[in-house]
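**Student:** Residue numbering for the sequence shown follows full-length UniProt numbering, beginning at 3 and increasing consecutively. Even for Gly, the Cβ is constructed at its ideal location relative to N, Cα and C. Treat the numbers as computed from the prediction; the structure is a model and nothing was measured. One structure is given below, represented as structure tokens, and several questions about it will come after.
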Amino acid sequence: SMGKWIGKTAVVTGASSGIGAAVAEKLVENGLTVVGLARRKERIEELSKQLEGKRGKLYAYRTDVTKEEDILKAFRWTKDNVGPINILVNNAGIARVTSLIDGNYKLWKEVFDTNVLGLCTTTREAVRDMRANNVDGHIIHINSIGGYSIPHIPYLSVYPPSKHALTALTETLRRELNSIGSKIKISSISPGYTATEMLEAAIKGSGLSRCPELEEALKKLPSLQAKDVADSVLYALATPPHVQVHNLIIKPIGEP
Ligand code: NDP
3 SMGKWIGKTA VVTGASSGIG AAVAEKLVEN GLTVVGLARR KERIEELSKQ
53 LEGKRGKLYA YRTDVTKEED ILKAFRWTKD NVGPINILVN NAGIARVTSL
103 IDGNYKLWKE VFDTNVLGLC TTTREAVRDM RANNVDGHII HINSIGGYSI
153 PHIPYLSVYP PSKHALTALT ETLRRELNSI GSKIKISSIS PGYTATEMLE
203 AAIKGSGLSR CPELEEALKK LPSLQAKDVA DSVLYALATP PHVQVHNLII
253 KPIGEP
């Protein structure tokens with residue numbers, strides 16, 4: 003049950019929109035204190051206002067997960083102002099519209115810096131905090147079906163490879179934690195196409211106003227809602243101490 007987490011602290015990266023915002027909301031409803039990290043801090047603050055009166059509380063801390071110093075500051079702030087971290091939800095992630103055979107180095111780097119290196123850094127800081135305080139810890143990675151296969155969607159280029167890297171590093175992390183006898187749980191939630199601002203952000207972040215081929219390809223796909231993914235996060239968190247969800251692949255009905 004989620005009861006064991008009441009009053010505990012969760013850090014959620016990318017809490018300013020989509021899946022991260024839905025996860026933050028559900029954690030607050032379940033009585034957790036949540037620190038939401040993102041560049042658009044004001045978006046998290048708006049959500050926090052909407053959640054006033056719920057059992058838990060949402061704080062916002064401006065963080066660019068591609069900057070190590072930002073992450074260190076965010077974790078220091080959490081430690082000093084909120085308390086020991088029990089849960090980390092590594093959700094911040096981006097796609098960019100480019101190719102491999104004729105692509106843009108800056109866009110490739112942005113995807114790997116955000117989806118892989120940012121996540122390595124938040125994970126390291128959370129594990130340090132959890133070990134120092136000897137708490138029950140649970141780290142959730144928002145992976146993707148793109149972490150296990152290559153979707154037939156044009157211009158995704160390095161996005162599925164970045165999620166494949168996440169798949170590999172999740173298992174490396176599990177081995178490292180096992181080798182030191184840690185009971186920190188690691189779970190991946192791997193959704194299919196989900197209706198969020200991700201596509202829009204990918205187009206804009208690539209310096210484009212439109213990408214008709216990509217928009218057409220995604221228009222044909224059935225989609226999940228962000229809250230569906232958040233429900234899977236809660237399922238993984240609610241398992242008893244001896245159970246560890248390794249990976250939940252969830253897709254909208256109709257997606258093969
Ligand atoms: P959104 O674009 O709605 O949300 C992305 C979130 O990541 C935002 O809150 C954004 O915050 C944050 N983010 C991006 N870059 C940074 C950064 N440098 N520093 C801090 N935060 C950052 O997309 P989704 O909700 O769809 O995406 C969330 C996760 O779900 C991603 O990891 C994505 O790969 C994964 N996913 C999405 C699927 C989909 O179809 N939508 C399917 C499978 C997985 P801000 O811009 O304010 O910094």
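Can you look up isoleucine 152 in the DSSP assignment and give me helix, strand or coil?
**Tutor:** coil
**Student:** On the DSSP bridge assignment, give the partners of tyrosine 157 in chain order.
**Tutor:** BP columns for tyrosine 157 are empty, so no partner.
**Student:** What's the gap between the Cα of isoleucine 205 and the Cα of tyrosine 107?
**Tutor:** Roughly 16 angstroms between the two C-alpha positions.
**Student:** Answer yes or no: the CB of glycine 58 versus the heavy atoms of ligand 1, is any distance below 7 angstroms?
**Tutor:** Outside the cutoff, so no.
**Student:** Just reading off the beta strand (DSSP E) that serine 190 is part of, what are its end residues?
**Tutor:** Run containing serine 190: 187 to 193, per the beta strand (DSSP E) assignment.
**Student:** Ligand 1 and alanine 228: does the residue's C-beta get closer than 7 angstroms to at least one heavy atom of that ligand?
**Tutor:** For ligand 1, at least one heavy atom lies less than 7 angstroms from the Cβ of alanine 228.
**Student:** Shorter than 7 angstroms, the distance from the beta carbon of glycine 209 to the closest heavy atom of ligand 1, or not?
**Tutor:** no
**Student:** Can you tell me which of Thr68, Arg212, Ala62, Arg45 puts its alpha carbon nearest to the alpha carbon of leucine 39?
**Tutor:** Comparing Cα positions, the closest option is Ala62.
**Student:** Going by CA-CA distance only, name the one from Lys221, Glu47, Thr172 that's closest to isoleucine 155.
**Tutor:** Lys221
**Student:** Going by Cα to Cα distance, which pick from Asn249, Val137, Lys111, Leu74 is closest to lysine 185?
**Tutor:** For lysine 185, the closest of Asn249, Val137, Lys111, Leu74 by C-alpha to C-alpha distance is Val137.
**Student:** What separation, rounded to the nearest whole angstrom, lies between the Cα atoms of alanine 76 and valine 25?
**Tutor:** Each residue's Cα considered, the two are about 19 angstroms apart.
**Student:** Under 7 angstroms: does the beta carbon of isoleucine 144 sit that close to some heavy atom of ligand 1?
**Tutor:** Shortest gap from the CB of isoleucine 144 to any heavy atom of ligand 1: under 7 angstroms.
**Student:** Kindly indicate the opening and closing residues of the beta strand (DSSP E) around threonine 15.
**Tutor:** 11 to 15
**Student:** Answer yes or no: the CB of threonine 198 versus the heavy atoms of ligand 1, is any distance below 7 angstroms?
**Tutor:** yes
**Student:** So does asparagine 93 have its beta carbon nearer than 7 angstroms to some heavy atom of ligand 3?
**Tutor:** Among the ligands modelled here, namely ligand 1, ligand 3 does not occur.
**Student:** Tell me the DSSP bridge mates of lysine 59?
**Tutor:** Thr35
**Student:** Please classify isoleucine 8: does DSSP put it in a helix, a strand, or coil?
**Tutor:** Isoleucine 8: coil per DSSP, three-state reduction.
**Student:** Run through DSSP, which three-state label would asparagine 249 get?
**Tutor:** strand
**Student:** What do you reckon, are the CB atoms on valine 74 and glutamate 127 nearer than 8 angstroms?
**Tutor:** At residue 74 the sequence reads leucine, which differs from the valine that was named. Contact: yes.
**Student:** If contacts are defined as beta-carbon pairs under 8 angstroms, then valine 235 and isoleucine 191 qualify, I think. What distance do you get, rounded to the angstrom?
**Tutor:** 6 angstroms
**Student:** Kindly indicate which residue of Leu53, Thr65, Gly5 has the alpha-carbon position closest to the one of valine 13.
**Tutor:** Thr65
**Student:** Indicate, with yes or no, if ligand 1 has a heavy atom lying under 7 angstroms from the CB of tyrosine 150.
**Tutor:** no
**Student:** DSSP puts valine 91 in a beta bridge; with which residues?
**Tutor:** Val14, Ile142
**Student:** Helix, strand or coil for leucine 121 per DSSP?
**Tutor:** helix
**Student:** When the Cα of glycine 20 is compared with those of Ala167, Ala219, Ile96, which residue comes out closest?
**Tutor:** Ile96
**Student:** For glycine 149, which option in Asn117, Ala134, Glu70, Arg130 has the closest C-alpha, if you only look at C-alpha atoms?
**Tutor:** Asn117
**Student:** Less than 8 angstroms between the CB atoms is what I'm expecting for isoleucine 89 and lysine 10, so what's the real figure, rounded?
**Tutor:** 7 angstroms
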